[in-house]
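To keep things clear, I will list the structure first and then write my remarks on it.
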Amino acid sequence: MRIAVIGAGYVGLVSASCFAELGHEVVAIESDEQKLKQLRSGIVPIHENLLPELLARHVGTRLTFASDIATGTKHAQAVFITVGTPPAHNGDADLSFVEMAAREIAAALRSPTVVVEKSTVPVRTSDAVRRTMLLSGADPALFSVASNPEFLREGTAVSDFLYPDRIVVGTDDDYARSVLAEVYAPLTTGAYYRREDAIPGSPADNARILFTSVKSAELIKHASNAFLAMKISFINTVANVSEAVGADIAEVCQGIGSDSRIGSRFLNPGIGYGGSCFPKDLLAFRSIATHVGCDVELLTATINVNQRQRNSFIEKVRRAVWNIRGKRFAVLGLAFKGGTDDTRDSPAIAIVRQLRLEGALITAYDPAAMERAKAELQNLAIDYANDPYEACRGADALIILTEWQSFSELDLKRVATLLRWPILIDGRNLFDVDDAKDAGLDYHSIGRKPEESSRKRLADRSDSTSEMLLGTKAETEVKVCQP
Ligand code: UDX
70 MRIAVIGAGY VGLVSASCFA ELGHEVVAIE SDEQKLKQLR SGIVPIHENL
120 LPELLARHVG TRLTFASDIA TGTKHAQAVF ITVGTPPAHN GDADLSFVEM
170 AAREIAAALR SPTVVVEKST VPVRTSDAVR RTMLLSGADP ALFSVASNPE
220 FLREGTAVSD FLYPDRIVVG TDDDYARSVL AEVYAPLTTG AYYRREDAIP
270 GSPADNARIL FTSVKSAELI KHASNAFLAM KISFINTVAN VSEAVGADIA
320 EVCQGIGSDS RIGSRFLNPG IGYGGSCFPK DLLAFRSIAT HVGCDVELLT
370 ATINVNQRQR NSFIEKVRRA VWNIRGKRFA VLGLAFKGGT DDTRDSPAIA
420 IVRQLRLEGA LITAYDPAAM ERAKAELQNL AIDYANDPYE ACRGADALII
470 LTEWQSFSEL DLKRVATLLR WPILIDGRNL FDVDDAKDAG LDYHSIGRKP
520 EESSRKRLAD RSDSTSEMLL GTKAETEVKV CQP
């Protein structure tokens with residue numbers, strides 16, 4: 070197939086590379102000249118596992134680049150729109166880039182083309198795309214509009230594309246259906262999985278393709294993200310109750326997640342969801358639901374719980390160190406989740422900002438997101454470390470904000486000796502409570518009782534700060550003496 074992909078952002082670049090990997094001839098269209106130059110010279114502008122390998126395999130052969138839609142879509146049988154749909158000031162998705170793409174595709178249309186929405190768009194956007202194309206002079210016999218939402222997670226986007234749980238294709242005509250069936254045939258027939266050079270993965274079976282109406286496909290995308298976000302807000306709510314009553318959220322999650330109707334994935338409590346998708350998609354979904362006169366209470370609750378989770382983490386920090394002003398924190402993690410350099414709507418960045426606002430001093434480290442974080446936090450005085458241990462040296466407490474695998478492998482004993490006070494406030498529950506306790510850390514996590522075993526060590530220090538951290542000296546001694 071000959072495919073054009075408009076927009077070489079996260080979704081566009083991954084999709085274009087994966088289409089090339091499946092054997093198609095792909096043109097990725099990007100208007101940002103700087104990015105285009107990088108891509109043409111083999112530089113990968115985003116941190117995404119396996120993407121460099123795919124680009125190295127296909128750039129210049131099956132994957133080429135163009136700077137304008139007219140050139141890039143000239144021979145395409147399918148044109149995927151993967152431009153940004155950022156939130157407008159009122160929460161609606163800003164669809165002006167989609168509209169612009171639709172107009173330009175219409176102006177360049179010469180042969181039968183399936184125009185496919187892959188950007189996350191509200192339900193009924195396909196109607197607007199079709200109308201815009203007709204108003205721009207496109208011959209209705211030459212095009213149809215389909216929806217093929219992506220379910221790619223940053224960090225595992227290539228594997229998610231090549232080994233999907235399902236492929237959703239929304240079409241209202243047979244031609245578009247047959248074109249998109251052919252695009253994904255290497256996955257749905259299993260031909261790709263039999264290739265010796267296939268990117269390794271473990272397909273349960275051949276990929277499943279689900280054909281729906283265009284509107285259903287559009288709704289599936291928003292509903293999927295809303296459900297996952299709701300699952301996170303739900304478990305964060307349960308975690309807060311668990312912590313208040315002295316239960317262990319890890320055990321609770323295991324108990325809940327073992328029910329196959331619920332499932333254990335996306336049940337990790339933390340500091341709330343972030344990223345370029347969930348926050349924006351929840352607002353956009355709520356907005357479209359409101360416009361069509363439907364109840365949005367559940368979506369509002371999901372959004373509010375998520376915001377409060379960030380605030381309650383700050384309170385947790387306050388409880389752990391007493392006054393925030395003047396304390397130095399080692400902060401590990403700035404990306405919105407592990408495995409990516411993306412800091413868009415990162416709860417970690419929001420928390421760092423709030424801590425600074427309250428007068429904290431910060432030494433931060435992230436394995437991939439440091440450059441982006443520096444740009445976002447440029448107006449704030451923040452120190453950056455070269456590794457996690459350097460960040461910990463002399464800090465009053467360690468705060469973990471992103472679920473990087475490498476953080477969960479930290480030598481906690483070493484951390485405890487580097488910190489001025491052995492306090493770890495873990496927003497991602499990366500450690501076993503007993504391990505943290507054995508390392509001598511005062512361990513505060515989410516949905517589990519704060520581990521106070523290291524109080525003896527704190528109490529042993531005789532300066533006034535230990536008294537401030539632990540309460541009065543007399544109280545401390547009573548606690549330490551308890552079995
Ligand atoms: C999400 C969807 O998963 C994907 O299908 C869609 O196409 C794009 O949006 P992504 O934004 O890459 O993907 O991140 P995801 O892995 O879903 O995590 C989103 C946020 O939720 C992160 O901040 C993450 O830390 C948080 N999260 C995730 C939790 O707090 N707990 C969990 O159990 C899972």
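To convert, take the position in the sequence shown, counting from 1, and add 69; that gives this note's numbering.
Just so it is clear, CB atoms sit at the ideal spot from N, CA and C, and this is done for glycine as well.
- Task: Determine, using beta carbons only, whether Gly463 and Glu312 come nearer to each other than 8 Å.
- Result: On the sequence shown, position 394 is the one that residue 463 refers to. On the sequence shown, position 243 is the one that residue 312 refers to. Against a cut-off of 8 Å, the Cβ pair of Glu312 and Gly463 comes out as no contact.
- Task: May I ask whether a heavy atom of the ligand SAH can be found less than 7 Å away from the beta carbon of Gly339?
- Result: Questions concerning the ligand SAH fall outside what the structure shown contains, since the ligands it does hold are the ligand UDX.
- Outcome for Thr471 when other beta-carbon atoms lying within 10 angstroms are tallied against a minimum of 16: In the sequence shown, the residue the question calls residue 471 occupies position 402. With 16 or more Cβ atoms within 10 Å of its Cβ, Thr471 is classed as buried.
- Those runs of the alpha helix (DSSP H) which lie wholly inside the region 482-528 and span at least 4 residues: 502-507
- Item | Buried versus exposed, by CB contacts within 10 Å (16 or more), Asn217 | In the sequence shown, counting from the first residue as 1, residue 217 sits at position 148. By the neighbour-count rule (16 or more Cβ atoms within 10 Å), Asn217 is buried.
- Do Leu241 and Ser188 have their C-beta atoms closer together than 8 Å? As a position in the sequence shown, residue 241 is number 172, starting the count at 1. As a position in the sequence shown, residue 188 is number 119, starting the count at 1. It is worth fixing the name first, because residue 241 is Asp in this sequence and not Leu. No, the pair does not count as a contact, with Cβ atoms beyond the cut-off.
- Item | Check: Cys87 C-beta below 7 Å from any heavy atom of the ligand UDX | Here the question's residue 87 lines up with position 18 in the sequence shown. Cys87: no, Cβ never under 7 Å from the ligand UDX.
- Query: Taking DSSP as the reference, what is the three-state secondary structure of Arg530?
  - Reply: Locating residue 530 in the sequence shown gives position 461, counting from the first residue. Bear in mind that the predicted position of Arg530 carries a pLDDT of just 41, short of 50, making it unreliable; the figure below should be weighed with that in mind. Arg530 falls in the coil class under three-state DSSP.
- Message: Under DSSP, the alpha helix (DSSP H) around Ser165 begins and ends at which residues?
- Response: Counted from its first residue, the sequence shown places residue 165 at position 96. First-last of the alpha helix (DSSP H) with Ser165: Ser165 to Ala177.
- Task: Let me know the secondary structure DSSP gives Val252 once reduced to three states.
- Result: For the purposes of this step, residue 252 is taken as the residue at position 183 of the sequence shown. In the structure shown, Val252 sits in a helix (DSSP, three-state: H, G or I).
- Message: Can you list, in chain order, the residues of its chain with a C-beta nearer than 8 Å to that of Ser136? Leave out the 5 residues immediately preceding and following it.
- Response: The sequence position of residue 136 within the sequence shown is 67, counting from 1. Excluding positions up to five away in sequence, the list reads Ile98, Glu99, Ser100, Glu102 and Leu105.
- Task: Determine the extent of the alpha helix (DSSP H) in which Glu122 is found, giving its start and end residues.
- Result: Residue mapping note: residue 122 aligns to position 53 of the sequence shown, counting from 1. Where Glu122 is concerned, the enclosing alpha helix (DSSP H) stretches over Leu120 to His127.
- Excluding the five sequence neighbours on either side, which residues of its own chain have a C-beta within less than 6 Å of the C-beta of Ile372, listed in chain order? Along the sequence shown, one-based indexing puts residue 372 at 303. If we look at Ile372 and ignore the five residues flanking it on each side, its Cβ neighbours are Leu351.
- Query: Exposed or buried, what is Ala85 when buried is set at 16 or more other beta-carbons lying within 10 Å of its beta-carbon?
  - Reply: Taking the sequence shown and counting its residues from 1, one reaches residue 85 at position 16. Flag for Ala85 reads buried.
- Message: Here's the rule I'm using: 16 or more other beta-carbon atoms within 10 Å means buried, otherwise exposed. How should Ile112 be labelled?
- Response: Taking the sequence shown and counting its residues from 1, the one referred to as residue 112 is at position 43. That one is exposed.
- Task: Compare the C-alpha of Leu499 against each of Asn275, Leu487 and Ser514 and name the closest.
- Result: For the purposes of this step, residue 499 is identified with residue 430 of the sequence shown, where counting begins at 1. That would be Ser514, whose Cα lies nearest to the Cα of Leu499.
- Decide if the region 386-401 is in contact with the region 358-371; the criterion is three or more beta carbon pairs, one per stretch, under 8 Å apart. no
- Span separating the alpha-carbon of Lys525 from that of Ile278: The residue given as residue 525 occupies position 456 in the sequence shown. The residue given as residue 278 occupies position 209 in the sequence shown. Because the pLDDT of Lys525 is 47, which lies under 50, any placement of that residue in the model is unreliable, and the question is left without a value.
- Query: So, is the C-beta of Met299 closer than 8 Å to a C-beta in chain B?
  - Reply: Structure shown: chain B not included; a single protein chain is present.
- Message: Looking at the secondary structure, which residues open and close the alpha helix (DSSP H) in which Gly111 lies?
- Response: Taking the sequence shown and counting its residues from 1, one reaches residue 111 at position 42. Segment: none, Gly111 is in no alpha helix (DSSP H) and carries neither H nor E.
- Give me the Cα-Cα distance between Ala460 and Ile469, rounded to the nearest whole angstrom. Taking the first residue of the sequence shown as position 1, residue 460 is located at position 391. Taking the first residue of the sequence shown as position 1, residue 469 is located at position 400. About 11 Å.
- Message: Let's test the definition: count the other Cβ atoms within 10 Å of the Cβ of Val74 and tell me whether it reaches 16, buried, or not, exposed.
- Response: As a working note, residue 74 is residue 5 in the sequence shown. That one is buried.
- Task: My understanding is that Arg425 touches Leu449, with C-beta atoms under 8 Å, so please give their C-beta distance in whole angstroms.
- Result: The residue labelled residue 425 in the question sits at position 356 within the sequence shown. The residue labelled residue 449 in the question sits at position 380 within the sequence shown. Right, the Cβ-Cβ distance comes to about 5 Å (below 8 Å), so this counts as a contact.
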